[in-house]
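Report on one structure; see the data block that follows.
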Amino acid sequence: MVRLFESLRAVFYAPFYLALELDAYGKRGLEVEFGRPDSPDDAASSLFGSGADVIWGGPMRMMQYQAAHGDGTVVAFAEAVTRDPFYVVGREPRPDFRFADLMEARFARVSEVPTPWLCLQDDIRRAGFDPDALERAPDRSMAENADALREGRVDAIQVFEPFVEELLHEGAGYVWYAAASRGPTSYTTLYTSRSYAEANPDALAALAGGVMEALDWLHGHGAEALAERLQGYFPALDPARLAGALARYKANGVWGRDPVLPLEGFVRLKGALISGGFIARDIPFEACVDNRYAQRARKGR
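Per our numbering, residue -6 is the first one in the sequence shown, and the count goes up by one each step.
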């Protein structure tokens, strides 16, 4: 039995919920107990206590943990979210958006977790601007920022789904920038402690195979069918809004075609963490990632 934890509830984690719904792990002889740490900040550390055996979450958490505790302590082995699932949504249409437009806006960033802003500030730097020069609103929740956009107290906000779908449906917002458009940025993977990985290779193989099955199903079905499968994870969300959110993510290429974590996406994320001052040193790819199980799952699909 594997204790599998999510870090938080989010629409972009669809492949992981789908694997549970498809009993993709059970088909491979693996019993899974599903849970969640007390907060996303506790995700990596829960692997070394009495909490989780395996977590899904960002490689950011792995790099943060390894920067503090040494290389090779935690390892990623099955990626599902291969591009950034966040958006910049503005009050007015901006079909020809440039980062110069953002520098002139009253802007509210994501504050609940660090990765979205770290990646966006890196995009801004690469476009030749200083993210510290942004006119930023005080840090609030995404729900509060969505209300601020509706009320005209800010010009643009950074959010994930379903806030994007809800704002567009209401006519209260327009997509300025899909962060997925920057290309591969490793965002969510299954990871575990190196000691657990070495002691439980069959469990890791079953988990990677389950993610592969879920990704195949996801890319072979429409957003409405996917929403039907996942509605139970989002009971307060209107089914049409959930389907719209899933369709947008799918169109933007947020989910990979297989669970192999690419070097390109890892390097892009790491560069953002370094440029934003989140980690102070390079973390080698080989210290964080073991793609053997994902490669085996891809070959056996």
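Glycine included, each C-beta is placed from N, C-alpha and C at the ideal position.
Query: Assigned secondary structure, G270 (DSSP; H/G/I helix, E/B strand, else coil); Result: coil
Query: Cβ neighbours of A190 in the same chain (closer than 8 Å, five flanking residues each side left out); Result: V68, F70, L197, D283
Query: DSSP three-state assignment for A130, whether helix, strand or coil; Result: coil
Query: Within 7 Å, strictly: CB atoms of F100 and A149; Result: yes
Query: Proximity winner among G246, L235, Q224, relative to H212 (alpha-carbon distances); Result: G246
Query: Any 3 or more C-beta pairs closer than 8 Å across the stretch 86 to 102 and the stretch 254 to 270; Result: no
Query: Beta-carbon proximity list for G295, same chain, < 7 Å, skipping 5 on both sides; Result: It is not possible to answer for residue 295, since the shown part of the chain is limited to -6 through 294.
Query: Where the beta strand (DSSP E) through E72 begins and ends; Result: 67 to 74
Query: Spatial distance of L161 from P155 (CA atoms); Result: 10 Å
Query: Per-residue DSSP class, three states only, for I117; Result: helix
Query: As assigned by DSSP and simplified to three states, the class of F278; Result: helix
Query: Backbone secondary structure at F27 - three-state DSSP; Result: strand
Query: F90 to R(-4) span [Cα, whole Å]; Result: 44 Å
Query: 7 Å Cβ cutoff met for Y184 and I48; Result: yes
Query: Other residues of its chain near G65: CB distance less than 6 Å, five sequence neighbours each side excluded; Result: R187, A280
Query: Given A295 as reference, the closest of A60, G51, T108 once Cα atoms are compared; Result: Past the boundaries of the shown model lies residue 295; the chain is included only from -6 to 294, so the question cannot be answered.
Query: With 16 other Cβ atoms within 10 Å as the buried cut-off, status of R119; Result: exposed
Query: Own chain, CB closer than 6 Å to A3, minus 5 neighbours either side, in chain order; Result: none
Query: Start-to-end residues for the alpha helix (DSSP H) that takes in R146; Result: No alpha helix (DSSP H) holds R146; DSSP gives it neither H nor E.
Query: For G313, the nearest candidate out of F278, F271, A207 (CA to CA); Result: Nothing about residue 313 can be reported from this structure: the residues present for the chain run from -6 to 294 only.
Query: G44 versus E26: straight-line alpha-carbon distance, rounded; Result: 11 Å
Query: Member of L256, R84, A126 whose CA lies at the smallest distance from the CA of E163; Result: R84
Query: Chain B contact for M56 (CB, 7 Å cutoff); Result: This model lacks chain B altogether, as it is built from one protein chain only.
Query: DSSP-derived helix/strand/coil call for V81; Result: strand
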